[in-house]
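Q:
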Amino acid sequence: MIIVQDVVKAYDEITPALDHVSLQINDRDFVFLVGSSGAGKTTLIRLINKDEEPTSGSIFVDGVNITRLKRGEVPSLRRKIGVIFQDFKLLPHATVSENVEFALRVVGEHDGRGHQRVEEAIETVGLSAQARRRPYQLSGGEQQRVAIARCLVTDPPIVIADEPTGNLDPDTGWETMNLLVRINAMGTTVLIATHNRELVNTMRRRVISLEDGKVVRDEVGGGYSG
Amino acid sequence: MIIVQDVVKAYDEITPALDHVSLQINDRDFVFLVGSSGAGKTTLIRLINKDEEPTSGSIFVDGVNITRLKRGEVPSLRRKIGVIFQDFKLLPHATVSENVEFALRVVGEHDGRGHQRVEEAIETVGLSAQARRRPYQLSGGEQQRVAIARCLVTDPPIVIADEPTGNLDPDTGWETMNLLVRINAMGTTVLIATHNRELVNTMRRRVISLEDGKVVRDEVGGGYSG
Amino acid sequence: MARFRTIRYIIGAAFGSMWRNLLTTFTAIITIAIMLIVFSTFLAVNDTLDHMIDALGRRTNLVAYVQDAAPPSEITALVQSVSARADVAEIVFVSREQAADDFRNTLSDLAEILDVIETNPFPASIEVRMADPEGLLPLADELRLQPALIDQVLVRADVVGRLLRVSNLARIGGGILIISLGAVTLFVIFNTIRLAVYSRREEIEIMRLIGATDWFVRGPFVVEGAVIGFIGAGLSAIAVVAGYARVGPTLESLVSFLPIQTQTGFVTNLALFTMLMGVLIGSVGSYFSVRRYLEN
Amino acid sequence: MARFRTIRYIIGAAFGSMWRNLLTTFTAIITIAIMLIVFSTFLAVNDTLDHMIDALGRRTNLVAYVQDAAPPSEITALVQSVSARADVAEIVFVSREQAADDFRNTLSDLAEILDVIETNPFPASIEVRMADPEGLLPLADELRLQPALIDQVLVRADVVGRLLRVSNLARIGGGILIISLGAVTLFVIFNTIRLAVYSRREEIEIMRLIGATDWFVRGPFVVEGAVIGFIGAGLSAIAVVAGYARVGPTLESLVSFLPIQTQTGFVTNLALFTMLMGVLIGSVGSYFSVRRYLEN
Ligand SMILES: Nc1ncnc2c1ncn2[C@@H]1O[C@H](COP(=O)(O)OP(=O)(O)OP(=O)(O)O)[C@@H](O)[C@H]1O
Ligand SMILES: Nc1ncnc2c1ncn2[C@@H]1O[C@H](COP(=O)(O)OP(=O)(O)OP(=O)(O)O)[C@@H](O)[C@H]1O
Ligand SMILES: [Mg+2]
Ligand SMILES: [Mg+2]
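Residue numbers (numbering that gives the first Met the number 0), protein chains in the order written: chain A, 0 to 225; chain B, 0 to 225; chain C, 0 to 295; chain D, 0 to 295.
1) From the DSSP output, in three-state form, read off Ser138 of chain A for me.
2) Between the alpha carbons of Ile33 of chain C and Ile227 of chain D, how many angstroms are there, rounded?
3) Ser138 of chain B touches chain A at which residues, Cβ-Cβ below 7 Å?
4) With H, G and I counted as helix, E and B as strand and the rest as coil, what does DSSP make of Gln85 of chain A?
5) Alpha carbon to alpha carbon, how far is Phe3 of chain C from Arg245 of chain C? Give it in angstroms, no decimals.
6) Give the interface partners of Glu223 of chain D over in chain B, defined as CB-CB distance under 8 Å, in chain order.
7) Can you tell me which of C:Val278, C:Trp214 and C:Tyr286 puts its alpha carbon nearest to the alpha carbon of Ile28 of chain C?
8) Counting pairs of beta carbons, one from the stretch 144–155 of chain A and one from the stretch 93–107 of chain A, are three or more of them closer than 8 Å?
9) Whole angstroms is fine: what's the gap from Arg196 of chain A's alpha carbon to Leu32 of chain A's?
10) By Cβ distance below 7 Å, which residues in the same chain neighbour Ala12 of chain D in space, the five residues on each side in sequence not counted?
11) Could you give the C-beta distance for Ser288 of chain C and Val196 of chain C, rounded to a whole number, given that I count them as a contact under 8 Å?
12) On the three-state DSSP scale, how would you describe Val124 of chain A?
13) Does any CB atom of chain C fall closer than 9 Å to the CB of Tyr197 of chain D?
14) Tell whether a beta-carbon distance below 9 Å holds between Gln365 of chain C and Ile149 of chain C.
15) Just to confirm my understanding: we take Gln85 of chain B, look at its own chain, exclude 5 residues before and 5 after, and list those with CB closer than 8 Å. What are they?
16) Would you mind sorting Ile175 of chain D into buried or exposed? The rule is 16 or more other CB atoms within 10 Å of its CB.
17) Put Phe25 of chain C into one of helix, strand or coil per three-state DSSP.
18) Taking contact to mean at least 3 C-beta pairs separated by less than 8 Å, is the stretch 194–208 of chain C in contact with the stretch 40–48 of chain C?
19) Got a sec: which bits of the stretch 160–171 of chain B sit with their beta carbon under 7 Å from any beta carbon on chain A, in order along the chain?
20) Going along the stretch 198–215 of chain D in order, which residues come within less than 9 Å of chain B, judged by CB to CB distance?
21) Name the chain C residues whose beta carbon is nearer than 7 Å to that of Arg78 of chain A?
22) Let me check understanding here. Comparing Cα to Cα, which of A:Lys213, A:Ser96 and A:Met0 lies closest to Gly64 of chain A?
23) Could you check where the alpha helix (DSSP H) with Leu179 of chain A kicks off and where it finishes?
24) Quick one: which chain B residues come within Cβ less than 7 Å of Arg4 of chain D?
25) Relative to chain D, which residues along the stretch 84–116 of chain B have a C-beta separation below 8 Å, given in chain order?
26) Consult DSSP for Phe272 of chain D and reduce its assignment to one of helix, strand or coil.
27) Can Pro156 of chain A and Thr175 of chain A be called in contact, C-beta distance under 9 Å?
28) Just grab the DSSP bridge partners of Asp161 of chain B for me.
29) Could you give the first and the last residue of the continuous alpha helix (DSSP H) run that contains Glu97 of chain A?
30) Along the stretch 268–291 of chain C, what residues have a CB closer than 8 Å to any CB found in chain A?
31) Does any CB atom of chain C fall closer than 9 Å to the CB of Leu194 of chain D?
32) Mind checking which residues open and close the alpha helix (DSSP H) that includes Glu201 of chain D?
33) Classify Thr273 of chain D: buried if its beta carbon has 16 or more other beta carbons within 10 angstroms, exposed otherwise.
34) In terms of residue numbering, what span does the alpha helix (DSSP H) encompassing Lys40 of chain B cover?
35) If contacts are defined as beta-carbon pairs under 8 Å, then Val189 of chain B and Gly222 of chain B qualify, I think. What distance do you get, rounded to the angstrom?
36) Within 9 Å (strictly less), CB to CB, does Pro137 of chain D reach chain C?
Structure (structure tokens):
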């Protein structure tokens, strides 16, 4: 469960990126986060992953106030949350396999079945043929799928995807979305920041809408806008 | 005018990224390049910008065989072609203004009216408030719009946009597309690689469709698929 | 088991990254090697000079010229009584012939003078080296009280004083130079590591964002630093030991008029010390270089 | 006009990037400064030793001991005829008293011997320094043909030879060390620049993709390298000139028995040379470091 309580995030003195945001995402929820460019979606995700600190307010993940975490406790929070980053954040010198494997090692689950899990994750996003390539040898969409595979391989209880279909063609985008729906059905909490109107409108799930850092709509079964 | 003649591009020994591609884009054309992830769109753009060399075949830009260009002649080719890169390729340490300004300096047009042109370009993509920020202080969509402003500020005769709306919300995406339509109307040749089905289907322009590195369709007034 | 896998991963990752950044690895090794070669050559030279100064300082500091007419037996008795004193380290009787020979040997470029002079101008003497310089003047006074045996007593206070000054200067100067050069060496090596890590800051940032612990991120860097330091220092140790073995004897024979002595033991210790330093500098340097990017 | 704008941009960009990467700029400057300080200190020491060896080598290399009974007028005539020879650089007549004084002065720690001996054992002599060492042995033979005036002729072939050996050794050794240390200095500085540029390779790649010419990309790096080299070398020059002015006289007075001379002229030239080198190394180093990323 993620609880965001009256959070303000001001990077600088101009307008804050998040302006008194409160919301609650329960376990097993499937939530879309929408809003125009610069609305604050990525900022919210960064705060939940404790990559940035809120200016004020608090955030609870599974009952723990993460703004109070000590340095050494941050890794275990991040292992609980799998993030698909908007800019992928792949290790530039590692191959596709190594990138996915690395996530498994980080959570300490790279055991006997490790290689198999890595291969399965890569297979799931359709990149088996590219497994030995490095990020700069991949197309934009392929890089995005590596990011997805790396997030899913560890089976985290919470998955946060930031614009996971931005570089994917509609078909691959749909497959990705179905994948997220499947893992949600198996118990994973899923939060997706997206601009993909088609997907949001078709899936009719809970939609949280941000505008200039404020929550302007939080609707179960909503569409992309209005 | 861009002429691609029987071009093969094989990064490695497996399947080639481009497989005997031939196509012609006339001056003032407005062309969509579609195809699933990994189809070869970015590869084709890279070849036209001479960022990669074709394995075989030749490419002519304004009558010049660019595969024959010497090292020293490449910059003038690239100044003729404005590219909006899929991964933005912004100078990481420069501000938004400086990034846009840099493009103007490169073409040697940063004269008396330089600052004004930079400001106008930034204004056009709606980033005046962020002009002093650096790329890592911008949202994904804002970075994409900086890339667009940088490409347009120099008024190049050819504009190539690689997935220019991937990180933009539908409204901003439409604005961007209208911008490209406007500059096309003023004489600029425009080539857009995109996955945005909605845009392609609505605009009904010429669509070139790639699949596994082959041109499978080249249709004036086409839709996203078939 | 999990811990063992992690350690294996860290070592593997270290070697992987060394292999991937081969040029950087190589230049880091060479930088460490040459800085340590410069530094340990300097240490070796300094040690040799130290020994030389020691040897010079160990020379006689009191000479009593014996009356030509003194009876040998009384002189022998005198020598024995003096050598019995606790503050005397060494006492030597130098005959007239020996004195002339010594002059010829130590100052060969003036030796011809003796051939010109034709007579031997040197008197016999008793040369004393003190264990405790404090006793020097009292002993001189005592000897002066026996004019029948001793013609004149010379205390080389001047020479001793000057030598001590030179030796102190050399020690202080050497110390300052060693510390400065050591600092330069450390700075250059640390800086090389720092810049190498700087170019991988993005990688560090990504690892942290995925949830890697500090040690998981840092481990490979520290191991890599230790290995690079070890190889670099090893090269330096080989170069210094081999170089010393080759240059030492040549030098010794060339400047035989100075009490130079090659100290193979010292150089071996120096080599071991260098290796240890290499590993330490490499790993500690990496540790701190990475820490900067872990903390913000 | 466009060209002028470009140059202004390049200089502005260079200072901008120095300011942005302040830590890297700073460490590059310090690295250059300390490497050049080590190098020029070494050059200055080497130059001083060179002068010392020269001065030692300028000492007499032929001594003719004059018969005590020789008439002074004939000796004067002989001196004049020898000094007229083209291959003789200098000729000095040393009286008996002078000989004793010289001995006392140059070897003060042996001077007491003269007091002990009580008579003056030194004969008068004619000391000759050759302009051309080739003439040494023929001149000696000529002098030996006048036994009425000249008692004995000593050719210091041994001393000269040994001195030449030491001096050659010092010159060769010094040369090797200068070249090695110069190479180390260059390597460390180039490597620092290389790593600094490496961490900005992405930037270079982007500039090229937008259509920047090689010089547009490279210009700021080269200017930056030159400025950093200039500042680093300037610091080194200041340190060396100031250090020399302070240490030189102290050293001179401490080891007055050796012909050491502080060469302020040399150090000033060295400082200027260092500055030039700094600018050159910095700009050329940047040029080549950037070239790697321009070419692929
Ligand atoms: N490090 C930063 N420093 C200053 N401002 C920042 C920083 N990061 C983000 N911002 C600003 O905060 C606002 C929200 O950014 P955020 O990345 O959360 O937007 P977003 O909703 O993810 O947009 P997009 O859909 O374009 O990715 C933007 O205006 C952005 O410019
Ligand atoms: N440098 C490279 N080395 C090897 N293979 C490469 C390299 N760059 C691209 N490829 C491969 O070539 C194929 C075409 O890539 P390209 O980037 O052109 O695809 P794309 O159509 O732009 O896809 P996307 O929509 O995902 O961006 C992909 O399968 C990719 O893995
Ligand atoms: Mg975002
Ligand atoms: Mg692409």
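Backbone N, C-alpha and C fix where the C-beta goes; we use that ideal spot for every residue, glycine too.
Since the model is a prediction, treat every value here as computed from it, not as a measurement.
A: In short:
1) By 1-based counting over the first sequence, the position of residue 138 of chain A is 139. The answer is coil: DSSP assigns Ser138 of chain A none of H, G, I, E or B.
2) Translated into positions along the third sequence, residue 33 of chain C becomes position 34. Translated into positions along the fourth sequence, residue 227 of chain D becomes position 228. Computed Cα separation, rounded: 23 Å.
3) The residue given as residue 138 of chain B occupies position 139 in the second sequence. Those within 7 Å of Ser138 of chain B in chain A are Ser36, Gly37 and Thr41.
4) Within the first sequence, the letter at position 86 stands for residue 85 of chain A. Reduced to three states, the DSSP call for Gln85 of chain A is coil.
5) Residue numbering aside, residue 245 of chain C sits at position 246 when the third sequence is read from its first letter. Residue numbering aside, residue 3 of chain C sits at position 4 when the third sequence is read from its first letter. So the alpha carbons of these two residues sit roughly 46 Å apart.
6) Against the fourth sequence, residue 223 of chain D aligns to sequence position 224. Ordered by position in chain B, no residue passes the 8 Å Cβ test against Glu223 of chain D, which lies about 13 Å from the chain.
7) Indexing the third sequence from 1 puts residue 28 of chain C at position 29. That would be C:Val278, whose Cα lies nearest to the Cα of Ile28 of chain C.
8) yes
9) Here residue 196 of chain A is taken as the residue at index 197 of the first sequence, counted from 1. Here residue 32 of chain A is taken as the residue at index 33 of the first sequence, counted from 1. If you take the alpha carbons of Arg196 of chain A and Leu32 of chain A, they lie about 11 Å apart.
10) In the fourth sequence, the residue the question calls residue 12 of chain D occupies position 13. Answer for Ala12 of chain D: Pro219, listed in chain order.
11) The count along the third sequence starts at 1 and reaches residue 288 of chain C at position 289. The count along the third sequence starts at 1 and reaches residue 196 of chain C at position 197. With a Cβ gap of about 4 Å, Ser288 of chain C and Val196 of chain C count as contacting.
12) Within the first sequence, numbered from 1, the residue matching residue 124 of chain A stands at position 125. Three-state result, Val124 of chain A: coil.
13) The count along the fourth sequence starts at 1 and reaches residue 197 of chain D at position 198. It does; some Cβ of chain C falls within 9 Å.
14) Nothing about residue 365 of chain C can be reported from this structure: the residues present for chain C run from 0 to 295 only.
15) Here residue 85 of chain B refers to the residue found at position 86 when the second sequence is read from its first residue. Around Gln85 of chain B: Thr41, Asp161, Glu162, Gly165 and Ala192.
16) By 1-based counting over the fourth sequence, the position of residue 175 of chain D is 176. Exposed.
17) On the third sequence, residue 25 of chain C is found 26 positions in, with the first residue counted as 1. DSSP places Phe25 of chain C in helix when its eight states are reduced to three.
18) no
19) Glu162, Gly165, Asn166, Leu167, Asp168, Pro169, Asp170 and Thr171
20) Arg199, Glu201, Glu202, Glu204, Ile205, Met206, Arg207, Leu208, Ile209, Gly210, Ala211, Thr212, Asp213 and Phe215
21) In the first sequence, the residue the question calls residue 78 of chain A occupies position 79. Within 7 Å Cβ-Cβ: Gly210.
22) Within the first sequence, the letter at position 65 stands for residue 64 of chain A. Contrary to the premise, residue 64 of chain A reads as Asn rather than Gly in this sequence. Asn64 of chain A has its Cα closest to that of A:Met0, out of A:Lys213, A:Ser96 and A:Met0.
23) Within the first sequence, numbered from 1, the residue matching residue 179 of chain A stands at position 180. That run of the alpha helix (DSSP H) goes Pro169 to Ala184.
24) Translated into the one-based positions of the fourth sequence, residue 4 of chain D becomes position 5. Within 7 Å Cβ-Cβ: His109.
25) Phe84, Lys88, Leu89, Leu90, Pro91, His92, Phe101, Ala102, Arg104, Val105, Val106, Gly107, His109 and Asp110
26) Taking the fourth sequence and counting its residues from 1, one reaches residue 272 of chain D at position 273. Phe272 of chain D falls in the helix class under three-state DSSP.
27) What you label residue 156 of chain A is simply residue 157 of the first sequence in a count that begins at 1. What you label residue 175 of chain A is simply residue 176 of the first sequence in a count that begins at 1. For Pro156 of chain A and Thr175 of chain A, no; Cβs fall outside 9 Å.
28) The residue you call residue 161 of chain B lines up with position 162 of the second sequence. Per DSSP, B:Ala192.
29) Within the first sequence, numbered from 1, the residue matching residue 97 of chain A stands at position 98. Its alpha helix (DSSP H) spans residues Val95 to Val105.
30) none
31) Counting from one through the fourth sequence, the residue named residue 194 of chain D turns up at place 195. Closer than 9 Å: yes.
32) In the fourth sequence, residue 201 of chain D corresponds to position 202, counting from 1. Taken as a continuous stretch (DSSP letters only), the alpha helix (DSSP H) holding Glu201 of chain D covers Arg200 to Ile209.
33) Mapped onto the fourth sequence, residue 273 of chain D falls at position 274. Burial call: buried.
34) Position 41 of the second sequence holds residue 40 of chain B. It spans Lys40 to Ile47 - the alpha helix (DSSP H) in which Lys40 of chain B sits, taken as one unbroken run.
35) Here residue 189 of chain B refers to the residue found at position 190 when the second sequence is read from its first residue. Here residue 222 of chain B refers to the residue found at position 223 when the second sequence is read from its first residue. The pair is not a contact, with the Cβ atoms about 18 Å apart (cut-off 8 Å).
36) In the fourth sequence, the residue the question calls residue 137 of chain D occupies position 138. So, not an interface residue.
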